[in-house]
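Trainee:
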Amino acid sequence: MTLLQHVPSEAQVRRSAYRHRQTVYSVLVAASSTAALGTLLVIAVTGAPGWDRVRQSFLDPTIARDALPAVLSGLWLNVRLLVCCAAGALVLGLVIAVLRTLRGPIFFPVRALAAGYTYTFRGLPLIIVLYLLTLGVPGLRLQGMPPVLVLGGIALILTYGGYLAEVFRAGIESVHPSQLAAARSLGLTYRQTMRHVVVPQAVRRVAPPLLNDVVALQKDVGLVSLAGPIDAVRAAQIATAQTFNYTPYIVAGVLFVLLAIPLIAVTDWVTLRAARRQSGG
């Protein structure tokens, strides 16, 4: 028994060749336009009257090389803080969202407290929450006071927990009520229904905005430097004070961008995947 080898028709060959030419043409046009725009920007910036002064103050390669080890060491603190705060904010946000969706008059105080929490921390600027927890709370001089870094992490968790709670709540309320009724008719309790039916669907539907908030959190962890911990931003500030040059801040900014690229790529991939799932592709 022999297998017949598929031979594409002339029309298929022409279509494939046309698509290939269009792809090559699009790539060439995109590369050319990008190169032209980049060249114009370089000419405009480097041709400015104060370019030499700006280059010396912000783009000194010697100072960048000297500041890199300290800033990189501080970035490791930012990474650890990001992991802890992201996990804490996700858990807190999910709990608050579930509390806000409880039904029945007996749960009104719980819903009111959860709503008050989200209104408060979504309205308060993060920097004020940081100052209150990292400067105000230690002023109470209580026994067993955690370090300032922990208080700064708590401020980040409380603030972003309010944002993530609303994202989770939108996902929970997007699940059709008929699915809850079907789960209850099968004998599942409210807790089992939320755990096995509602929450998995809600998380899958709101995964892109959740990841966007994590990307925003990745930038805001640098604000803990206002309380004193030596992270990448604080290390750059120390190097700037020693050299009277702002290049270390540029080094810190580049490192933050490199740290954000994988998170942004994952967010874009999840968003595209969700869009394809909704369109049936």
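Under my numbering, the sequence shown has 144 at position 110, and the numbering climbs by one with no breaks.
Ideal placement from N, C-alpha and C gives every residue a C-beta, glycine not left out.
Predicted model, so just to flag it, every value in this text is computed and none were measured.
Can you tell me where the alpha helix (DSSP H) holding Pro-242 begins and where it ends?
Mentor: First-last of the alpha helix (DSSP H) with Pro-242: 241 to 254.
Trainee: Once DSSP output is grouped into helix, strand and coil, what is the label at Ile-272?
Mentor: DSSP places Ile-272 in helix when its eight states are reduced to three.
Trainee: DSSP three-state call for Gln-90: helix, strand or coil?
Mentor: Correct three-state label for Gln-90: helix.
Trainee: From Pro-139, Val-240, Thr-281 and Tyr-197, pick the residue whose C-alpha is nearest to that of Gly-122; which is it?
Mentor: If we check each option's Cα against that of Gly-122, Tyr-197 comes out closest.
Trainee: Look at the alpha carbon of Met-35 and the alpha carbon of Val-41, and state the distance between them as a whole number of angstroms.
Mentor: Here the model assigns Met-35 a pLDDT of 45, short of 50, so the residue's position is not dependable and the matter cannot be decided.
Trainee: Between which two residues does the alpha helix (DSSP H) holding Gly-72 run?
Mentor: Here the alpha helix (DSSP H) through Gly-72 covers 44 to 80.
Trainee: Does the structure place the segment 262 to 270 close enough to the segment 79 to 90 that three or more beta carbon pairs sit under 8 Å?
Mentor: Result no; under three Cβ-Cβ pairs closer than 8 Å.
Trainee: Determine the closest residue to Pro-282 out of Leu-124, Ala-217, Phe-290 and Ala-269, with distance taken between C-alpha atoms.
Mentor: When only C-alpha atoms are compared, the closest one is Ala-269.
Trainee: Between which two residues does the alpha helix (DSSP H) carrying Phe-155 extend?
Mentor: That run of the alpha helix (DSSP H) goes 142 to 157.
Trainee: Whole angstroms are fine: how far does the CA of Thr-301 sit from the CA of Arg-307?
Mentor: One C-alpha to the other measures close to 10 Å.
Trainee: Might you give, ordered along the chain, the residues of its own chain that have their beta carbon closer than 8 Å to the beta carbon of Tyr-166, omitting 5 neighbours on each side?
Mentor: Correcting the residue type first, residue 166 is Leu in the shown sequence and not Tyr. Within the same chain, Leu-166 has close Cβ partners Ala-189.
Trainee: Just to confirm, is the Cβ distance from Ile-191 to Thr-135 under 7 Å?
Mentor: Not a contact, by the Cβ cut-off of 7 Å.
Trainee: Could you check if Asp-247 is buried or exposed, using at least 16 other CB atoms within 10 Å of its CB as the buried criterion?
Mentor: Buried, because 16 or more other Cβ atoms sit within 10 Å of the Cβ of Asp-247.
Trainee: Who are the near neighbours of Gln-235 in its chain, counting only those whose CB is closer than 6 Å to its CB and skipping five residues on each side?
Mentor: Around Gln-235: Val-209.
Trainee: In angstroms, rounded to a whole number, what distance separates the CA positions of Ser-43 and Ser-60?
Mentor: The alpha-carbon atoms of Ser-43 and Ser-60 are separated by roughly 26 Å.
Trainee: Distance, Cα to Cα, Trp-110 vs Arg-89?
Mentor: Approximately 28 Å between the Cα atoms of the pair.
Trainee: State yes or no: is the C-beta of Gly-115 within less than 7 Å of the C-beta of Gly-187?
Mentor: Going by the sequence as given, residue 115 is Leu instead of Gly. Taking 7 Å as the Cβ cut-off, Leu-115 and Gly-187 qualify as a contacting pair.
Trainee: Is Val-291 buried or exposed, if buried means 16 or more other CB atoms sit within 10 Å of its CB?
Mentor: Val-291 comes out exposed.
Trainee: Can you name, in chain order, every residue of its own chain whose Cβ lies under 7 Å from the Cβ of Pro-243, other than the five neighbours on each side?
Mentor: Cβ neighbours of Pro-243 beyond the five flanking positions: Val-201.
Trainee: In the structure shown, what three-state DSSP assignment does Phe-202 receive?
Mentor: Helix.
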